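Colleague: Going letter by letter, the sequence shown gives residues 139 to 542 in our numbering.
Beta carbons: idealized from backbone N, C-alpha and C, even for Gly.
Please read all numbers here as calculations on a predicted model, not as lab measurements.
The structure under discussion is supplied below as structure tokens; questions concerning it will follow.
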Amino acid sequence: MGVDEESGLIVSVSRDHPGSGAGRVWDYRGRGVIVAPGFIDLHVHLRGLQLSYKEDEASGCKAAAAAGITLVVDMPNTRPQLRDPEALRAKLEALDSKCIVDHGAYAGIPRDPSLASRLASEPIAGFKVYPEDLASPGLAGALATRRLVVLHPELPEASKADLASATLEGRLAHRGCWWEGAAVLELGAHRPRGRVHVTHASCASTVAMARSWGYTVDVTPHHLFLDTTAPLDPCLGRVNPPLRSPGERLGLVKMLLEGRVDALASDHAPHEEREKSLPPTCPPGFPWLEAWPWLAYRLVASGALGLGEFHWLTSRGPALVLGLKRYGALQEGFRANLVAYDPNASWRFPGPRYSKAKLHPATMMELRGRPLGVWVGGAPVYLDGEIVEGRRPGVNPFRAPGAR
Ligand code: DOR
Ligand code: ZN
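Put into structure tokens, the structure is as follows:
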């Protein structure tokens, strides 16, 4: 494959020769290495701003790069929240100056409906709708812009009966699948005319309902691989939506294997170690970036999921959800975001190295496949187990005219 570091684009694709170009050559021929489009994670919390003690755009994007993730899209529940143009601009600038992979962000639903069109004129990926936004006067304004909306499928009531000190089963009893279905119906009642994406669907019924409304849908690695029988204390295992029962989890896996899911997304949600270990206030979320593609690759290694399906779910699928035409495939004219990996590697996740959040429920879990090199816009960001320091930041594709 030939890439042009100047434009950041793929200029030639060939199975057999490394490509013509004036620059450096990485030759993996004959070593059983797979070269694939870099992964796209359309749901991450890089925090930053006043929450930089949990994670920031530099640490989170290094964590992404180390796993082969070359585009991340950041969520607006930051401090301050990205519900007004000033906070949004500060976040987009922080991403542009600190994030070594390509990046974007969603705007929050503004409390003042008249701000929606101003937020939509910024280079955002779309709007994020949280449970409390379903009753906000700003929602109609955001929907009127016809930008992509990404729904957290729960109603605000789901968190009212929620006790941090409860067991994993206890949380599950309060936060059942019905909240997810109700949120999809609630958003549908607003008759959105732009595209809608339902994120972190944790129940098979939510996937089915999202599809029946014509919405796209993603699932997370934790809802696919962990359930209430996992040996996790209630703080470490705390996440929203909650881990489900083994039966519900298998129903979700079945949906994935049947091709009814558009993307995998991590909901990387880093918290400080001290916060994450203190009941009853411990916050929900898992800091997934460094591990999740290789946890998901277990489905390929076991023969359950085809290689093509895996790459679709982790690159082209999310690119299409985001409306990015030149991302997620090895084709001439596409952004040269690549991962080269050893498909036969088997290793145990040692815990997060680059993320600031060190407590992880998948620590010591078996991962399959391992990245050897990762390129963003044709330039290496991760090689042989190390981040390439001094890299210029990645780009925000939503800034490019015609990108969506
Ligand atoms: O577990 C979660 N953590 N779910 C969310 O919806 C938010 C996230 C966070 O920001 O920590
Ligand atoms: Zn999230």
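On the three-pair Cβ rule with 8 Å, is the region 392-411 touching the region 439-455?
Modeller: Yes, since at least three Cβ pairs between the region 392-411 and the region 439-455 fall closer than 8 Å, the two stretches touch.
Colleague: When the Cα of alanine 282 is compared with those of Val519, Leu253, Pro269, Thr305, which residue comes out closest?
Modeller: Of the candidates Val519, Leu253, Pro269, Thr305, the one whose C-alpha sits nearest the C-alpha of alanine 282 is Leu253.
Colleague: Just the residues with CB closer than 7 Å to a heavy atom of the ligand DOR, in chain order, which are they?
Modeller: Every residue passing the under-7 Å Cβ criterion appears here: His183, Met213, Asn215, His290, Val377, Asn378, Asp405, Ala407, His409, Pro421, Pro422, Gly423.
Colleague: In angstroms, rounded to a whole number, what distance separates the CA positions of glycine 314 and threonine 358?
Modeller: Looking at the two C-alpha atoms, the distance is approximately 17 Å.
Colleague: Three Cβ pairs or more, each shorter than 8 Å: is that satisfied between the region 433-453 and the region 228-244?
Modeller: Touching, no.
Colleague: Unbroken beta strand (DSSP E) runs of length 3 or more, entirely within the region 249-292: which are they?
Modeller: Runs found: 264-267, 287-289.
Colleague: Go ahead and pull the three-state DSSP assignment for threonine 358.
Modeller: Coil, per DSSP.
Colleague: In terms of residue numbering, what span does the beta strand (DSSP E) encompassing threonine 208 cover?
Modeller: Segment 207-212, the beta strand (DSSP E) holding threonine 208.
Colleague: Please indicate yes or no: does the CB of histidine 312 lie closer than 7 Å to some heavy atom of the ligand ZN?
Modeller: No.
Colleague: Take proline 481 and list the residues in its own chain whose beta-carbon comes closer than 6 Å to its own, dropping the five residues that flank it on each side.
Modeller: The residues are Ile172, Gly507.
Colleague: Which value, in whole angstroms, describes the spacing of the CA atoms of arginine 169 and leucine 510?
Modeller: Roughly 12 Å between the two C-alpha positions.
Colleague: Whole-angstrom Cβ separation of lysine 496 and proline 490, contact assumed at under 8 Å?
Modeller: Right, the Cβ-Cβ distance comes to about 6 Å (below 8 Å), so this counts as a contact.
Colleague: Could you name the residues that DSSP lists as bridge partners for tyrosine 520?
Modeller: Val512, Ile525, per the DSSP bridge assignment.
Colleague: Can you give me the C-alpha to C-alpha distance between phenylalanine 167 and histidine 338, rounded to a whole angstrom?
Modeller: Phenylalanine is not the amino acid found at residue 167; the sequence shown has arginine there. Each residue's alpha carbon lies about 37 Å from the other.
Colleague: Cβ of valine 459 within 8 Å of Cβ of aspartate 240?
Modeller: No, these two residues do not count as a Cβ contact at 8 Å.
Colleague: So, for lysine 236: in the same chain, excluding its five sequence neighbours on each side, which residues have a beta-carbon less than 6 Å away from its beta-carbon?
Modeller: The answer, listed in chain order, is Glu195, Ala196.
Colleague: Are leucine 427 and glycine 198 closer than 8 Å when you measure CB to CB?
Modeller: Cβ atoms of leucine 427 and glycine 198: closer than 8 Å.
Colleague: When the Cα atoms are used, what is the spatial distance from glutamate 410 to asparagine 534?
Modeller: Each residue's Cα considered, the two are about 27 Å apart.
Colleague: Can we count histidine 241 as close to the ligand ZN, meaning its CB is less than 7 Å from some heavy atom?
Modeller: No - the ligand ZN has no heavy atom lying nearer than 7 Å to the Cβ of histidine 241.
Colleague: Taking the CB atoms as reference points, tell me whether proline 214 and alanine 258 lie closer together than 8 Å.
Modeller: The answer is no: Cβ separation not under 8 Å.
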